[in-house]
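Enquirer: This is the structure, below, for whatever I ask next.
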Amino acid sequence: MQALFPTAPPTPTPAAGDVRARVAGHTHLARPGRPAVVTRTLTELAGPTRGVVELPVRLMWASERSFDLADPDDLLWMYENVLRETTRTDDLRRLVNGRTLRRVWPLLNLPRGVRQAWESRHRGLRTA
């Protein structure tokens with residue numbers, strides 16, 4: 017007998033290395049239905065600190081996806097997009113620099129769930 021209502025699709029299994037931020041059983045969301053992704057340590061964030069970076073379309077849908085890291089506004093805009101849109105820790109490791117993130121953290125305009133996820137895992141960001 018065929019079911020009248022289809023079953024919900026299975027919850028996707030995170031890729032190896034992905035860390036979905038959970039605190040007391042609560043998942044912090046970057047947006048509805050999308051958990052914020054956080055690395056285990058800030059030292060593994062080995063992204064560039066200078067030059068021009070072009071984000072992949074999955075992280076930035078606009079036609080202009082290049083960011084000059086020497087421009088403070090470009091740097092903030094790039095980090096905000098990466099932290100908000102990524103579903104992969106590899107993106108974070110490749111595009112975000114841990115020291116730079118700590119320096120610009122108070123200036124970033126992030127969704128509450130993203131900020132809470134990162135500050136829950138990396139308490140030092142709260143005082144950055």
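Following our numbering, the numbering of the sequence shown begins with 17 at its first residue and continues without gaps.
Glycine included, every Cβ here is placed at the ideal spot set by N, Cα and C.
Note down the Cα distance separating residue 54 from residue 89, rounded to an integer number of angstroms.
Expert: Approximately 23 Å, taken between the alpha carbons.
Enquirer: What does DSSP give as the partner residues of residue 62 in its beta bridges?
Expert: According to DSSP, which records beta bridges pairwise, residue 62 is partnered with 113.
Enquirer: For the region 81-97 against the region 112-126, do three or more pairs of beta-carbon atoms, one drawn from each stretch, fall closer than 8 Å, so that the two count as touching?
Expert: With a cut-off of 8 Å, the region 112-126 and the region 81-97 count as touching, because enough Cβ pairs lie within range.
Enquirer: List the endpoints of the continuous beta strand (DSSP E) containing residue 84.
Expert: Note, residue 84: beta strand (DSSP E), 82-84.
Enquirer: Would you mind sorting residue 137 into buried or exposed? The rule is 16 or more other CB atoms within 10 Å of its CB.
Expert: Per the 10 Å Cβ criterion, buried.
Enquirer: To which residues of the same chain is residue 129 closer than 7 Å at the C-beta, ignoring the five residues directly before and after it?
Expert: If we look at residue 129 and ignore the five residues flanking it on each side, its Cβ neighbours are 44, 45, 46, 52.
Enquirer: Pull up the DSSP beta-bridge partners for residue 70, would you.
Expert: In DSSP, residue 70 forms a bridge with 82.
Enquirer: Using a 10 Å radius around the Cβ and a threshold of 16 neighbouring Cβ atoms, would you call residue 77 buried or exposed?
Expert: Looking at its Cβ environment, which holds fewer than 16 other Cβ atoms inside 10 Å, residue 77 is exposed.
Enquirer: Report all residues from its chain with a CB closer than 8 Å to the CB of residue 41; omit the five preceding and five following residues, and keep chain order.
Expert: Unreliable placement is indicated for residue 41, whose pLDDT of 47 sits below 50; no coordinate value is reported for it.
Enquirer: In whole angstroms, give me the CA-to-CA distance for residue 80 and residue 57.
Expert: Computed Cα separation, rounded: 30 Å.
Enquirer: At which residues does the alpha helix (DSSP H) containing residue 92 begin and terminate?
Expert: Residues 88-101.
Enquirer: In terms of residues, what are the limits of the alpha helix (DSSP H) holding residue 140?
Expert: Run containing residue 140: none; DSSP gives neither H nor E here.
Enquirer: Just mark residue 125 as buried or exposed, buried being the case when its beta carbon has 16 or more other beta carbons within 10 Å.
Expert: It is exposed - the Cβ of residue 125 has fewer than 16 other Cβ atoms within 10 Å.
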